[in-house]
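Chains as they are written, first to last, in the numbering used here: chain S, 1312 to 1427; chain P, 182 to 295.
First comes the structure, then the notes that go with it.
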């Protein structure tokens, strides 16, 4: 069965600091997809990124960057120069190509608090 | 383009009752998935529908069921409600039929069971 671990339950930083959210996954499939979602206080999950298991290139989108390392089964997310609006719960998720009973498996989430 | 809509947004029921939640996907999306979010268990996959057929089902009891209509709208039903069913129920839609595609989530229905 697939599993996603987000060891950091809550992180609190001061605005403009850089912050990294960790994600470690487990899967037996060789083809799988990794995601990050943001859940602001309103509750709606917002898609941030999808990465397939064959693409280990790091990605940068504005202040956001992602580091995918198959060797350590990690898919970490870094926010540079954090802002108060980044405060939210962030979820890492995994989906195996076969779909199956696990569907999209989410980590427990990391509650990120950006203090002004 | 309108996003995923879920109705109702809030619901209060008592133990033993049943409840039906509705989800309208983004226009053109044919896949709808349902998730349950609780503080203890986090986000858990319930089931996925594509073209009116259930494609995948998570590890939930038979009290949880769903269906999808020809216009891709989906309903989820929970019978014989238990206190532990109190949760935020999220619906997500995607263009294709597999969970590895980008899913767009609705605002959720918060169900409280008393």
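Glycine is no exception: its CB is placed at the ideal position from the N, C-alpha and C atoms.
Between the Cα of residue i and those of the options, spot the shortest distance and give me the residue it belongs to.
i, options, result
"residue 1420 of chain S", "S:1314, S:1320 and S:1313", "S:1320"
"residue 229 of chain P", "P:188, P:220, P:266 and P:210", "P:210"
"residue 1415 of chain S", "P:239, P:191 and P:195", "P:239"
"residue 190 of chain P", "S:1369, S:1353, S:1347 and S:1381", "S:1353"
"residue 259 of chain P", "P:284, P:183 and P:196", "P:196"
"residue 223 of chain P", "S:1408, S:1401 and S:1383", "S:1401"
"residue 291 of chain P", "P:274, P:219 and P:231", "P:219"
"residue 1379 of chain S", "S:1334, S:1396, S:1323 and S:1395", "S:1334"
"residue 1389 of chain S", "S:1329, S:1381 and S:1323", "S:1329"
When DSSP labels each residue in this structure, what does residue i get in the three-state scheme?
i, result
"residue 265 of chain P", "helix"
"residue 1395 of chain S", "helix"
"residue 1381 of chain S", "helix"
"residue 277 of chain P", "coil"
"residue 1328 of chain S", "coil"
"residue 194 of chain P", "strand"
"residue 1365 of chain S", "coil"
"residue 1319 of chain S", "coil"
"residue 252 of chain P", "coil"
"residue 282 of chain P", "coil"
"residue 1356 of chain S", "coil"
"residue 183 of chain P", "coil"
"residue 1419 of chain S", "coil"
"residue 214 of chain P", "strand"
"residue 201 of chain P", "strand"
"residue 1334 of chain S", "coil"
What are the boundary residues of the beta strand (DSSP E) that residue i is part of?
i, result
"residue 1315 of chain S", "1314-1316"
"residue 289 of chain P", "Run containing residue 289 of chain P: none; DSSP gives neither H nor E here."
"residue 1415 of chain S", "No beta strand (DSSP E) holds residue 1415 of chain S; DSSP gives it neither H nor E."
"residue 208 of chain P", "It is not in any beta strand (DSSP E) - residue 208 of chain P carries neither H nor E in the DSSP assignment."
"residue 235 of chain P", "234-238"
"residue 226 of chain P", "223-231"
"residue 1372 of chain S", "1370-1372"
"residue 241 of chain P", "Neither: residue 241 of chain P is in no beta strand (DSSP E) and is coded neither H nor E."
"residue 1345 of chain S", "1343-1350"
Just checking my contact of residue i with residue j at CB under 8 Å: how many whole Å lie between their CB atoms?
i, j, result
"residue 213 of chain P", "residue 246 of chain P", "No, residue 213 of chain P and residue 246 of chain P are not in contact; Cβ-Cβ is about 14 Å, not under 8 Å."
"residue 200 of chain P", "residue 286 of chain P", "Between residue 286 of chain P and residue 200 of chain P the Cβ distance is about 20 Å, and since that is not below 8 Å, they are no contact."
"residue 1337 of chain S", "residue 1426 of chain S", "Rounded, the Cβ-Cβ distance is 33 Å, inconsistent with contact."
"residue 1361 of chain S", "residue 1377 of chain S", "10 Å between Cβ atoms; not a contact."
"residue 1405 of chain S", "residue 1315 of chain S", "5 Å"
"residue 288 of chain P", "residue 187 of chain P", "6 Å"
"residue 1332 of chain S", "residue 1387 of chain S", "7 Å"
Comparing the C-beta of residue i with each C-beta of chain C, is any distance below 7 Å?
i, result
"residue 1356 of chain S", "Looking at the structure shown, chain C is missing, and the protein chains on hand are S and P."
Report task. Can you give me, in chain order, the residues of the stretch 217-234 of chain P that have a beta carbon less than 7 Å from any beta carbon in chain S? Result -> 223, 224, 226 and 229
Query raised in the report: What residues in the stretch 1360-1371 of chain S bring their beta carbon closer than 9 Å to a beta carbon of chain P?
Result: 1361 and 1363
Query raised in the report: Residues in the stretch 249-263 of chain P with C-beta within 9 Å of chain S's C-beta atoms, listed in sequence order?
Result: none
Query raised in the report: Looking at chain S, which residues of the stretch 187-202 of chain P have a Cβ within less than 9 Å of any of its Cβ atoms?
Result: none
Query raised in the report: Can you list, in chain order, the residues of the stretch 1376-1404 of chain S whose Cβ is nearer than 7 Å to any Cβ on chain P?
Result: 1402
**Report entry** Against chain P: residues of the stretch 1322-1350 of chain S by CB proximity under 7 Å
**Finding:** 1344
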